[in-house]
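Asks: I am attaching a structure below and will ask some questions about it afterwards.
2 protein chains.
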Amino acid sequence: MTEDISGGTVGKALAVLDQVAAFGRPVRFAELLSDSGYPKATLYRLLQTLTDQGMLTCDPVTQAYAPGLRLVRLAHAAWAQASLGPLARAELDALSARTGETIHLAQLDGGQVLYIDKRNARNPVDLFSAAGKVGPAYCTGVGKAMLAQLTGPALEAALDRQSFHRHTASTLTTRADLFRDLETIRHSGLAFDREEHEPGIICLAAPILAPGGQLLGAVSITTTTARSSLAALADLGPALRDTAARIAAAAAPWRFPYRPG
Amino acid sequence: MTEDISGGTVGKALAVLDQVAAFGRPVRFAELLSDSGYPKATLYRLLQTLTDQGMLTCDPVTQAYAPGLRLVRLAHAAWAQASLGPLARAELDALSARTGETIHLAQLDGGQVLYIDKRNARNPVDLFSAAGKVGPAYCTGVGKAMLAQLTGPALEAALDRQSFHRHTASTLTTRADLFRDLETIRHSGLAFDREEHEPGIICLAAPILAPGGQLLGAVSITTTTARSSLAALADLGPALRDTAARIAAAAAPWRFPYRPG
DNA sequence: CCGGCTTGTTCCAATATGTGAAACCCAGTC
DNA sequence: GACTGGGTTTCACATATTGGAACAAGCCGG
Chain S
1 MTEDISGGTV
11 GKALAVLDQV
21 AAFGRPVRFA
31 ELLSDSGYPK
41 ATLYRLLQTL
51 TDQGMLTCDP
61 VTQAYAPGLR
71 LVRLAHAAWA
81 QASLGPLARA
91 ELDALSARTG
101 ETIHLAQLDG
111 GQVLYIDKRN
121 ARNPVDLFSA
131 AGKVGPAYCT
141 GVGKAMLAQL
151 TGPALEAALD
161 RQSFHRHTAS
171 TLTTRADLFR
181 DLETIRHSGL
191 AFDREEHEPG
201 IICLAAPILA
211 PGGQLLGAVS
221 ITTTTARSSL
231 AALADLGPAL
241 RDTAARIAAA
251 AAPWRFPYRP
261 G
Chain W
1 MTEDISGGTV
11 GKALAVLDQV
21 AAFGRPVRFA
31 ELLSDSGYPK
41 ATLYRLLQTL
51 TDQGMLTCDP
61 VTQAYAPGLR
71 LVRLAHAAWA
81 QASLGPLARA
91 ELDALSARTG
101 ETIHLAQLDG
111 GQVLYIDKRN
121 ARNPVDLFSA
131 AGKVGPAYCT
141 GVGKAMLAQL
151 TGPALEAALD
161 RQSFHRHTAS
171 TLTTRADLFR
181 DLETIRHSGL
191 AFDREEHEPG
201 IICLAAPILA
211 PGGQLLGAVS
221 ITTTTARSSL
231 AALADLGPAL
241 RDTAARIAAA
251 AAPWRFPYRP
261 G
């Protein structure tokens, strides 16, 4: 199921790593075997190598594999360097304090939304716990905010990767519908999620754009229809734009080796 | 400089990954070349592969490599599964609320302290730590708390990996000194950091032990000599022990594929 | 403008590595 | 005691990796 064009060994190893991580729980050899498509012996050696390397841990009694601590180490470095996370932290805190709502910071990765950081509606800081999660782009505020900034082949490629699965009654399920919404978003610089991903959950998102116009990521304010409304969210637009601009400013001095797509 | 016994390709690739991550900033090919010991062509292909795989990003203009977003993705899974993080969260929040001081959660990884989570003090001080970061074991509260629980070859191995670099006047710089302190810690179940790592920073740590006595990790309360004292910290001992015990309890039902070392 | 320098990329034959079918082992279980 | 289903090991074979060396592409300083 996990497929890479990679003939290389490391490609396979990393695919296995992804697979184990994707399970979200310790996973036994046999489970991986059926899903991976690799022959028994190959998968076995791959797992062996990865555990030797500390990328995976294997409970000797359960014989279940889980991501290893080395990954946690690398994760930190990745988050600190490859993402907007550290640069945006202060601004997210500020926006969280000002609005009291849930805040998301995301980047575009392979046509999908990769959440980088988050502030919960109530609780203040929690580090990169929620970070690293991936979600769909076509039906989330941050996703649409970012897609709207893409053009030409990059946009095409990203749209091709959308599943357009219907999550709620208001999910945009066709490329045409999405494209129309993206037009609006591009002009307004703000994207609404009108319960398109989860019923009762609405959100307002703004893209984070480098001075040159290059897309860096997106911020969003999320709330519920029970507690707020699209109209009320719209009032937060300026604050949100402001936050996005400040993050962009913080990122400006940095040569950002990041190509969204 | 980065050395692995690994003859395997993935081992080398991961070593390179570590290396890039360790730099903490985008790195150019030549810098890696000198430090890695690999021949030019080899390193080149390794980097190529890793960037292809999304584990690294390479700024096309600067030609500088940095950790890639794929690592951020993996981060989530790793933190959620391989660490005490999710299990301890509630307890850390509680302890943070009760004491108002900086709280650290750490695990032992390769003889070093791997910080898993953190709560900031109400009036935050600047100090060296964040989730996923690694630090020395011999001169930190959490480190010593954990080392004290090791015995026999595991302890030897861990001690062998300590650098015993002097950070402050009170740093324990010999194996013998540390060993003596560990004895005390083992008996009391609490470890003090008496400004051993950073001047003015003190801390009290307790190990997190599974029912069977297996070492899982450690929690600590950190403060400054300006604001508090070792004596005052000692008063928090029971609360800290309690927190550690609760985390251990939360972890008990979970088959923990984690061997400290 | 041209050598000389550093930095990154490509070639290619030798070979160390990885491959995977099949055999094997071990623990439950019918 | 034979059977089944995980998990581990073997081994002849294929191929991916290796790394020296040649090549291309800046970037000076003369």
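Going down the list, the sequences are from chains S and W.
By full-length UniProt numbering, the letter at position 33 of the first sequence is numbered 33, and the numbering carries on one by one without gaps.
By full-length UniProt numbering, the letter at position 163 of the second sequence is numbered 163, and the numbering carries on one by one without gaps.
Ideal Cβ positions, reconstructed from N, Cα and C, are used throughout, including at glycine.
All figures in this text were calculated on a predicted structure; none of them were measured in a lab.
#1: Can you give the Cα-Cα distance for S/GLY143 and W/ALA239, rounded to whole angstroms?
#2: Are at least three pairs of beta-carbons, each pair with one atom in the stretch 149-158 of chain S and one in the stretch 89-105 of chain S, less than 8 Å apart?
#3: For S/PHE192, which of helix, strand or coil comes out of DSSP?
#4: Quick one: which chain W residues come within Cβ less than 8 Å of S/VAL219?
#5: Counting only the same chain and skipping the five closest in sequence on each side, list residues whose C-beta sits under 8 Å from that of residue 277 of chain S.
#6: State yes or no: is the C-beta of S/ILE185 within less than 8 Å of the C-beta of S/ASP193?
#7: How about S/ILE116: is its C-beta nearer than 8 Å to some C-beta of chain W?
#8: Check for me: the alpha helix (DSSP H) holding S/VAL72 runs from which residue to which?
#9: Counting pairs of beta carbons, one from the stretch 82-94 of chain S and one from the stretch 45-60 of chain S, are three or more of them closer than 8 Å?
#10: Would you kindly work out how many angstroms separate the C-alpha atoms of residue 269 of chain S and S/ALA232, rounded to a whole number?
#11: Between the alpha carbons of W/THR173 and W/GLU198, how many angstroms are there, rounded?
#12: Helix, strand or coil, according to DSSP, for W/VAL61 in the structure here?
#13: Do you know how far the Cα of W/ALA66 is from the Cα of W/GLN149?
#14: Of all the CB atoms in chain S, is at least one closer than 8 Å to the CB of W/GLY104?
#15: Under three-state DSSP, which class holds W/THR223?
#16: Determine the burial state of residue 328 of chain W: buried for a count of at least 16 other Cβ atoms within 10 Å of its Cβ, exposed for fewer.
#17: Could you tell me how far apart the beta carbons of S/GLY68 and S/LEU56 are, in whole angstroms, since I believe they sit closer than 8 Å?
#18: Quick one: which residues of the stretch 69-90 of chain W get their C-beta closer than 9 Å to a C-beta of chain S? List them in chain order.
#19: Using a cut-off of 7 Å between C-beta atoms, extract the partners of residue 263 of chain W located in chain S.
#20: Assuming contact is defined by CB atoms lying nearer than 8 Å, are W/ALA206 and W/ALA169 in contact in what I supplied?
#21: Tell me S/PRO207's beta-bridge partners as DSSP assigns them.
#22: Within its chain, find whatever has a CB closer than 8 Å to the CB of S/GLN63; leave out the 5 residues flanking it on each side and keep chain order.
#23: Excluding the 5 residues preceding and the 5 following W/CYS58 in the sequence, name in chain order all residues of the same chain whose CB lies nearer than 6 Å to its CB.
#24: Given a cut-off of 8 Å, decide if S/VAL72 and W/ARG78 are closer than it, judged by their beta-carbon atoms.
#25: Given that a residue counts as buried once 16 or more other Cβ atoms are within 10 Å of its Cβ, and exposed if not, what is W/THR219?
#26: Checking 8 Å against the spacing of the C-beta atoms, do W/GLY141 and W/LEU204 come in under that value?
#27: So for S/TYR115, helix, strand or coil by DSSP?
#28: Residues of chain W with CB under 7 Å from S/GLY8, in chain order?
#29: Residues of chain S with CB under 8 Å from W/GLY11, in chain order?
#30: For W/LYS12, count the other beta carbons within 10 Å of its own beta carbon; 16 or more makes it buried, fewer makes it exposed. Which is it?
#31: For the beta strand (DSSP E) that contains residue 265 of chain W, what are its first and last residues?
#32: Taking DSSP as the reference, what is the three-state secondary structure of S/GLN48?
#33: Residue range of the alpha helix (DSSP H) that S/THR102 falls in?
#34: Exposed or buried, what is W/ASP126 when buried is set at 16 or more other beta-carbons lying within 10 Å of its beta-carbon?
#35: What does S/GLY37 touch in chain W if you count any residue whose Cβ is under 9 Å from its own?
#36: In the DSSP assignment, what are the bridge partners of W/ALA66?
Replies: For this structure:
#1: 44 Å
#2: no
#3: strand
#4: Going along chain W, no residue has its Cβ under 8 Å from S/VAL219, so there is no contact; the nearest lies around 17 Å.
#5: Nothing about residue 277 of chain S can be reported from this structure: the residues present for chain S run from 1 to 261 only.
#6: no
#7: yes
#8: 69-82
#9: no
#10: With chain S covering only 1 through 261, there is no way to say anything about residue 269 of chain S.
#11: 14 Å
#12: coil
#13: 37 Å
#14: According to the sequence provided, residue 104 of chain W is His. The question's Gly does not apply to it. Answer no: the Cβ-Cβ gap between W/HIS104 and chain S never drops below 8 Å.
#15: strand
#16: Lying outside 1 to 261, the shown extent of chain W, residue 328 of chain W is not represented and no answer is given.
#17: 5 Å
#18: LEU69, ARG70, LEU71, VAL72, ARG73, LEU74, ALA75, HIS76, ALA77, ALA78, TRP79, ALA80, GLN81, ALA82, SER83, GLY85, PRO86 and ARG89
#19: No answer is possible for residue 263 of chain W: it lies beyond the span of chain W, which begins at 1 and ends at 261.
#20: no
#21: S/ALA218
#22: ARG28 and PHE29
#23: THR51 and TYR65
#24: Here the sequence assigns Ala to residue 78 of chain W, which means Arg is not the residue at that position. A contact, by the Cβ cut-off of 8 Å.
#25: Before going further, note that residue 219 of chain W is Val rather than Thr in the sequence given. Classification of W/VAL219: buried, given that the 10 Å Cβ count is 16 or more.
#26: yes
#27: strand
#28: THR49
#29: THR49, ASP52 and GLN53
#30: buried
#31: The displayed coordinates of chain W run from 1 to 261. Any statement about residue 265 of chain W would go beyond what the structure contains.
#32: helix
#33: Not the alpha helix (DSSP H): S/THR102 falls in the beta strand (DSSP E), residues 102-109.
#34: Residue confidence for W/ASP126 is low, a pLDDT of 48 falling below 50, so the modelled location carries little weight and cannot support an answer.
#35: Those do not exist, as S/GLY37 stays about 18 Å from chain W at its closest Cβ, beyond 9 Å.
#36: W/THR57
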